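Chains as they are written, first to last, in the numbering used here: chain A, 8 to 320; chain B, 164 to 291.
What follows is a set of notes on a single structure, which appears directly below.
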């Protein structure tokens with residue numbers, strides 16, 4: 008077995024103060040994160056938030072302008088072979104050679120990996136129902152994604168990097184892809200670093216998440232801790248406040264008229280006291296979904312439109 | 164063990180598993196001594212991270228709902244959970260809240276509602 012050369016306590020991916028500029032556009036701004044061994048780390052953000060640029064740095068396809076990137080304790084740009092031999096990667100555009108047949112793709116990829124497991128590759132091919140004689144360019148989107156995942160998995164990499172693995176796929180194939188990821192983690196405690204704009208799948212499979220917006224990480228942490236530390240309080244006022252009320256400790260406020268809902272991340276007691284100061288009563292206290300937390304952390308662009316058009320109840 | 168995970172409602176998935184497993188034990192759908200699915204089997208079935216299932220099982224063990232037997236698996240505790248009665252009442256309290264609210268809405272007063280419950284209880288027992 009290929010034993011990890013780095014210490015088990017060292018993060019599999021360590022990124023510190025990474026910034027990247029494309030011409031005048033700041034694509035990444037002082038991004039720092041650590042992915043521990045055995046963890047599924049979900050990178051969430053809208054298109055253009057910088058997820059793919061970040062992934063390219065992890066793979067050594069882009070060189071850090073400032074800050075640093077270490078994978079298994081090594082610089083992926085300086086030591087691409089040492090790093091990439093331990094990584095399986097599925098790119099968003101699944102750039103596979105269209106003229107090859109599925110069996111040729113498998114043989115071709117095998118040549119790059121000493122650790123290739125032919126029996127496992129064959130098992131995955133059967134599981135994914137891929138015809139060995141089919142041409143890559145004639146595969147459906149779903150089959151293409153599964154072929155890409157097969158060649159990313161069959162050398163049993165310690166780290167699996169997936170860029171939007173289920174982008175553009177129907178729910179059935181999406182589920183198959185997620186099942187394969189879950190199985191990968193369950194089997195041998197592999198580490199997975201994946202990006203998605205689908206909060207549902209991020210929430211299903213991640214231990215830890217980082218939310219990205221405009222090149223910055225706006226929030227990161229253990230997924231369950233993020234969910235448990237954010238909540239929604241609905242306040243009811245005796246008379247409609249003249250303007251959007253300001254609740255100390257609330258990240259984001261929506262509503263109108265007598266009822267306003269605040270997305271909060273703080274001590275409940277302090278928020279209750281702050282509500283009492285405003286003369287409002289808390290009529291509901293509910294969990295906040297990842298989607299709501301994300302929007303609130305994105306800087307409240309929605310709150311502006313909500314202010315212009317108060318929700319009618 | 165039939166569980167339904169809904170990622171969108173803001174409750175962490177490990178907590179959803181814990182709550183539903185407690186419900187199944189409390190309502191008698193899982194009986195003492197019954198084996199829970201192995202972590203990886205449940206993870207694949209629910210399509211969730213196996214670490215999440217492991218955390219849920221650890222919480223259930225901590226709460227006394229299940230017991231891990233060395234090298235074999237996870238089983239519903241023999242004595243049931245110490246929380247069992249409390250959990251049962253909690254489940255019923257949720258149902259009762261709905262029933263009381265519905266009765267108020269329909270302008271049925273409490274004594275009529277209680278009488279209805281007794282009547283339904285009698286009807287059920289006569290069927291058995």
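Glycine residues also receive a C-beta, built at the ideal position from the N, C-alpha and C atoms.
No experiment lies behind these values; they were computed from the predicted model shown.
*Flag residue 172(B) as yes if its beta-carbon sits less than 8 Å from any beta-carbon of chain A, otherwise no.*
yes
*Taking only runs of the alpha helix (DSSP H) that begin and end inside the segment 13-99 of chain A, which ones reach a length of at least 4 residues, in chain order?*
58-65, 87-91
*Have a look at residue 282(B) and residue 271(B) and give me their C-alpha separation to the nearest angstrom.*
15 Å
*Go ahead and label residue 98(A) buried or exposed: buried means 16 or more other beta carbons lie within 10 angstroms of its beta carbon, across all protein chains shown.*
buried
*Which ranges would you report for the alpha helix (DSSP H) in the segment 176-239 of chain B if only whole runs of at least 4 residues count?*
176-189, 202-209, 213-225
*For the segment 44-58 of chain A and the segment 186-206 of chain A, state whether three or more C-beta atom pairs, one from each stretch, are separated by less than 8 Å.*
yes
*In chain order, what residues of the same chain have a beta carbon less than 7 Å from the beta carbon of residue 148(A), not counting five sequence neighbours either side?*
175, 176
*asked:* Going by DSSP, what residue range makes up the alpha helix (DSSP H) through residue 236(A)?
replied: 230-236
*Contacting residues, own chain, Cβ-Cβ under 6 Å from residue 268(A) (five flanking each side not counted)*: 239, 241, 261, 262
*When the Cα atoms are used, what is the spatial distance from residue 96(A) to residue 214(B)?*
22 Å
_Straight-line Cα distance separating residue 163(A) from residue 264(B)_ = 56 Å
*Compile a chain-ordered list of the residues in the segment 175-208 of chain B whose CB is closer than 8 Å to at least one CB of chain A.*
175, 176, 177, 178, 202, 203, 206, 207
*For the segment 210-229 of chain A, enumerate the residues whose C-beta is nearer than 9 Å to any C-beta of chain B, in chain order.*
210, 211, 212, 213, 214
*Quick one: any contact between the segment 132-147 of chain A and the segment 59-76 of chain A, if contact means 3 or more CB pairs under 8 Å?*
no
*Would you say the segment 226-238 of chain A touches the segment 288-308 of chain A, given that touching needs at least three Cβ pairs under 8 Å?*
yes
_Bridge partners for residue 218(A) per DSSP, in chain order?_
51(A), 226(A)
*asked:* According to DSSP, is residue 185(A) part of a helix, a strand, or is it coil?
replied: helix
*When Cβ atoms are compared, which residues of the segment 174-194 of chain A fall closer than 7 Å to chain B?*
182, 185, 186, 189, 190, 192, 193
*Can you check whether the CB of residue 296(A) is closer than 8 Å to the CB of residue 212(B)?*
no
*Starting from the Cα of residue 265(A), find the closest Cα among 281(A), 21(A), 246(A) and give me that residue.*
246(A)
_Given residue 155(A) as reference, the closest of 34(A), 211(A), 178(A), 105(A) once Cα atoms are compared_ = 105(A)
*Which chain A residues are close to residue 299(B), counting only those with a beta carbon under 7 Å from its beta carbon?*
Here chain B has residues from 164 to 291 only, and residue 299(B) is not among them.
_Between residue 304(A) and chain B, is any beta-carbon pair separated by less than 8 Å?_
no
*asked:* Rounded to whole angstroms, what is the Cα-Cα separation between residue 229(B) and residue 223(B)?
replied: 6 Å
*From residue 313(A) to residue 249(A), what does the alpha carbon distance come to, in whole angstroms?*
With a pLDDT of 35 at residue 313(A), under the threshold of 50, the modelled position of this residue cannot be trusted, and the question is left open.
_Cβ of residue 124(A) within 8 Å of any chain B Cβ_ = no
*Neighbour-count burial assignment, residue 139(A), 16 or more Cβ in a 10 Å radius*: exposed
*asked:* Out of 64(A), 123(A), 33(A), 72(A), which one is the CA nearest neighbour of residue 168(A)?
replied: 64(A)
_residue 288(A) in three-state terms, based on DSSP_ = strand
*Are the segment 73-80 of chain A and the segment 16-31 of chain A touching, with three or more C-beta to C-beta distances below 8 Å?*
yes
_Against chain B, does residue 172(A) count as a neighbour if the rule is that its beta carbon must be under 8 Å from one of theirs?_
no
_Endpoints, the beta strand (DSSP E) within which residue 257(A) is located_ = 257-263
*Which chain B residues sit within Cβ distance under 9 Å of residue 292(A)?*
By Cβ distance, chain B contributes nothing, its closest Cβ being about 12 Å from residue 292(A), past 9 Å.
*Does DSSP put residue 125(A) in a helix, a strand or coil?*
helix
*In whole angstroms, what separates the C-alpha of residue 159(A) from that of residue 66(A)?*
13 Å
*When you compare only the Cα positions, how much space is there between residue 170(B) and residue 266(B)?*
32 Å
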